[in-house]
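Protein chains in written order, with this note's numbering: chain A, 6 to 577; chain B, 22 to 462. By construction, the Cβ of each residue, glycine as well, lies at the ideal position given by its N, Cα and C atoms. Please read these numbers as outputs of a predicted model, since none were measured by experiment. Some notes on the structure that comes next.
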Amino acid sequence: MPNITVDNETFEFDGQPRLLQLCLETGVDLPHFCYHPSMSAPANCRQCLVEVGMPQINRDTGKPNLDESGQPVIQFMPKLQTSCSLDAAAGMVVRTHKSSELVKRAQKDNLEFLLINHPLDCPICDQAGHCPLQNQTYKHGPEGSRFEFRKVGKPKQIDLGPNVVLDGERCINCTRCVRFTSEISKSHQLTIIERGVRNYPMTPPGIEFDEPYSMNVIDICPVGALTSKDSRFRARIWEMSKTASISTVNARGANCFYWVKDNKIVEVTPRTNMDVNEYWLADEDRLDYRKFNDNRPLGPTISGADVAWDSAYKAVSDCLKGVDGTRIQFLGSAFATVEDNYLLSKLASAVGSAAPTYLAHNEVGHGDTWLRTDDRTPNTNGCERLGIHAADVAALKSRIQSGEVDVLYVLEDDPVAAGLCSVADLSGVKVVLHYYNSTNQTLPAADVAIPAAMAVETVGTLVNDQGHAQRLRPAKSIAGVNRTLSMEIGKCRADRHGTPFDKWYDESNLVNCQPGWVSIPRIAAGLNVEMNYKGPRNIMAELSSANDGFSGATYEAMGEHGVRLSEMGVTA
Amino acid sequence: MEAKKTKAGDWRSYQRVLLPPVKDLHKLDVYENNEGYKALREVLTTAKWDPTSVTNEVKKSGLKGRGGAGFPTGLKWSFMPPVDPNIPRFLCCNGDESEPGTFKDRQLMEYNPHLVFEGMLIASYAMSIKTGYLYIRGEFADWITLMEEELEKAYAKGYVGKNIMGSDFSCDIVIHKGAGAYICGEESSLMSSLEGQRAYPRVKPPFPAQKGVWGYPTTINNVETLACAPLIINKGGEWFSKIGAPSHPGPVLYGISGHVNRPGVFEYPTGMLITDLIDEVAGGMRGGKKLKALIPGGSSTPILRADMIEGVTMDADSLRDAGSMMGTSGMLIMDEDVDIVSWLRRITHFYHHETCGQCTPCREGTGWLENIVTRLDEGNGQLRDLDILLDLCTQMEGRTVCALADAAAWPVRYTIDRFRSEFEAKCSTDSVPGGGVLETA
């Protein structure tokens, strides 16, 4: 493998990586702004300048010239080079700010330039605290400023589109946002306008920046020039905790971070997973988080009356006791985790009922060829692998209407809103409902209603449309003590759990709900059916060995980036 | 000390070839009657001329680019990759003449446009190119109209287009009008602009010969450079190489402006003594004033003081030794009344206005330079401002994608270097803003 020497240390490399990428991967934190690994390198921020030399080649022999000690003579390029636009080459010798005063000076000089017309309004800027310009200025920048003139004024607080707001003055013209729309999303909705120091990104006349992936430019903006209309001014970065989890808005299961303040989700941002969503996240994944905070249930109810959890569990058990299994209809859910659906299947077979089915939530035409799917549920693939198939809605509807169903057991879904039946149809049916929000339209028909933990409150596994099994992690806590959840939170945020800085640990806004893997075993216990699992981790361990469709999908293996499950014919 | 000696030989009896004294030469029929398209006919119809031999003849002539950088033209042509019939290739003729003090291409386009077309066609033949773009700055609206009319006529006569003069060589010429940005004269941003994109210069490598217009092999030459090609074919590379300074030969258009009696564009051999150009060609200093300073080739070439030009000739070597550059040979002559700080203020304003804003040092640095020079010019500057100016030049030079940062920094650096006392005289003696104490030199 070819070698490259960076700051007197020699590294091997593979293929033809860009020099900056190679430096970053080998742990040399070269400052940079305009470079993004997924896009072309225009080399316009000029921050990643380094000294680059190549072995001097003898023109006659075609071999490198050697010095007295037998080492190749290195010829350095006369000017500093931008490492982002150079490909690493065999024998290349690079000096970064760690070994070259010239490079150090160049980086400092460049930051001085970047800052002279930057408003330096960090105290009111949403980017402060996770701002590449701020961070790199502290690391590599000048101590003060020699600039004694009026800064350039540019338009501020411009709505580029429904979701993105521009502050032109903060922009450092890295053009990442423009390149995103021209190279990644291909919407071509942004361009740079004006000239010179007055440059800033803008939409062409008459065009709105309304593509379904527009908010990605907020994440790649290295300053606070592009902010989210939805979440700006909501919370400072240090007031929030973030949890690495996955989005549940569609079947792709894009990897994301949930940001929590006072036990409420305030923002959703992408998390890099090259197998699923690369660096990106659709706007719908980011904006559909209020369901986690608003209209959450207050606790379990029996026929609308508040009860204690134990009474609710007993009521569900009583509903199922002594009923002919064939007259109980279990509805699994593609919103719920693999673990919860698996337990529901076990419960169904314990009472002699057929395998559960689930209600498909397809919105034809919604998806695209990128990260959005027609399927608006996150776990259809997981349900299918468990042998839970889509319900024949028409057949089921007529069974309900003709009185063939005595008990309808619904796991985390809303059959009335989904059009399966009306509340009136369910008047003669005992309905057990695990539900997320008090807006659930099946709720008026429910005999026993069990508030269920949502994706941001539970531990579990979802399988995306490509067969990628990924872990959900709890981003916020629920009311009551649940040691498994606490432990999982601790495991995914080992450094922060339990400290005064952990914004997750807050007594306010706790929702009185339970994950399926808590409530279903309790209901089963009332029927003398044993489900002895320490927690979802063990359920998945059992599934990964018992069901070929999940082989290898243990929590340890899934880790941060999930496991690609083998192609599996759906079991008949 | 060596006596002052011109390298232009008997320049007083020089016969003009680029802009010969022929009335209405811009008209096709007049051009035809004056050996027009003779070189093209010879190249296309004589067996002796294959593309390589045309390039070799240009190499032999020693022609160096007239756009400012002075790169050997024949060598540039030979950088084009081998012909692949599936890959188009392009020629760009750079007529985006925008450098302050430069106005010579305009004369060619106005008075001898067919020579430019003929040069483009010969260059296209030499590099097997089928499309030549002529990029002209938009402000030259009148000459664009004129050239478009003349190009129509040339098409009608079969000098341009399909199977030119019955040969199997076909080449189109497309006139493209710029939209008024200095940066479009930079070759890579010219290509971006031509493609309809924002005129941001591109990172090199890849060079235009590898990846140019639309991503295909491209050669970019200045208007005057290409206009020399027909002359070289007609009279031979050797004839050309013997005109003017041996290391930088050929006829050249000197654009002389400023405080002289007869400003204008003058065609003479390279290697003219600067003093000859001022005193005789341009009719001497206006009002009998003394020469104070001059820039030899457009505003970005380093300024020369009057005492630095003794014996200096207008060619790359001599000007390099004198501490400047040939540039575009657009000479700006300044007399003793010029306030050099004020002049620099105007120049820094130009580069501030024209920076494209792509690279940080240039985008931010040009404005800062103008701010400080303006403050100095208004008498509010401090001595330390001069150090900051020189510091900023160091921070800009060589650290950007294209050379505009250098072009903006050099006038500041060399003007302060060579006229420091005038800057110091304009500095304020008040205390430093913010309560500091001014350090006096």
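As the crow flies, the alpha-carbon of residue 125 of chain A is around 12 angstroms from that of residue 136 of chain A. A residue is called buried once 16 or more other Cβ atoms fall within 10 Å of its Cβ, and residue 253 of chain B is buried on that count. Taking the Cα positions, residue 194 of chain A is about 10 angstroms away from residue 165 of chain A. Per DSSP, the beta bridge partners of residue 246 of chain A are A:265. Residue-level contact by beta carbon fails for residue 94 of chain A and chain B, as no gap is shorter than 8 angstroms. Identification of chain B residues near residue 201 of chain A by a Cβ-Cβ cut-off of 8 angstroms yields 373, 374, 375, 376, 377, 378, 384, 387, 388, ordered along the chain. Secondary structure at residue 563 of chain A: helix, using DSSP grouped into helix, strand and coil. Per DSSP, the beta bridge partners of residue 62 of chain A are A:69. At least one CB of chain A lies nearer than 8 angstroms to the CB of residue 409 of chain B. Exclusion of the five residues before and after residue 70 of chain B leaves 63, 64 as the residues of its chain whose Cβ lies within less than 7 angstroms of its Cβ.
Residue 223 of chain A and residue 13 of chain A have their C-alpha atoms roughly 37 angstroms apart. According to DSSP, residue 221 of chain B shares a beta bridge with no other residue. With a cutoff of 8 angstroms on beta-carbon distance, residue 83 of chain A and residue 96 of chain A are scored as not near each other. A distance below 7 angstroms between beta-carbons, with the five flanking residues on each side excluded, links residue 111 of chain A to the following residues of its chain, in chain order: 54, 85.
The straight-line gap separating the alpha-carbon atoms of residue 233 of chain B and residue 239 of chain B is approximately 5 angstroms.
Looking at the DSSP output, residue 433 of chain B shares a beta bridge with no other residue. Not a single CB atom of chain B sits nearer than 8 angstroms to the CB of residue 126 of chain A.
At a cut-off of 8 angstroms between C-beta atoms, residue 91 of chain B does not count as an interface residue with respect to chain A.
Annotation for residue 527 of chain A: the continuous alpha helix (DSSP H) segment containing it runs 521-531. Residue 381 of chain A counts as buried, since no fewer than 16 other beta carbons sit within 10 angstroms of its beta carbon. For residue 327 of chain B and residue 200 of chain A, the gap between their C-alpha atoms comes out near 36 angstroms.
Annotated as distal: residue 381 of chain B and residue 226 of chain A, with beta-carbon spacing of 8 angstroms or more.
Residue-level contact by beta carbon fails for residue 137 of chain B and chain A, as no gap is shorter than 8 angstroms.
With three or more CB-CB distances shorter than 8 angstroms, the region 225-244 of chain A counts as touching the region 267-281 of chain A. The beta-bridge partner set that DSSP reports for residue 277 of chain B consists of B:285, B:352. Contact with chain A is found for residue 219 of chain B, since one of that chain's Cβ atoms lies less than 8 angstroms from the residue's Cβ. Beta-bridge partners of residue 307 of chain B (DSSP): none assigned.
Taking 8 angstroms as the upper bound for CB-CB distance, residue 449 of chain A and residue 462 of chain A are not in contact here, some 25 angstroms apart.
Chain A has a Cβ within less than 8 angstroms of the Cβ of residue 419 of chain B. Assignment of beta-bridge partners to residue 195 of chain A by DSSP yields no partner.
Listed in chain order, the non-local C-beta contacts of residue 71 of chain A below 8 angstroms within the same chain comprise 77, 78, local neighbours out to five positions each way being set aside. Looking at the DSSP output, residue 233 of chain A bridges to A:169. By the Cβ test, the region 205-221 of chain B is in contact with the region 151-161 of chain B, since at least three Cβ pairs between them sit closer than 8 angstroms.
With contacts defined by Cβ atoms closer than 8 angstroms, residue 435 of chain A and residue 452 of chain A form a contacting pair.
Annotation for residue 194 of chain B: 138, 141, 153, 155, 172, 181 place their beta carbon closer than 7 angstroms to its own, counting only its chain and skipping 5 residues before and after. Ranking A:74, A:181, A:314, A:228 by CA distance to the CA of residue 140 of chain A puts A:228 first.
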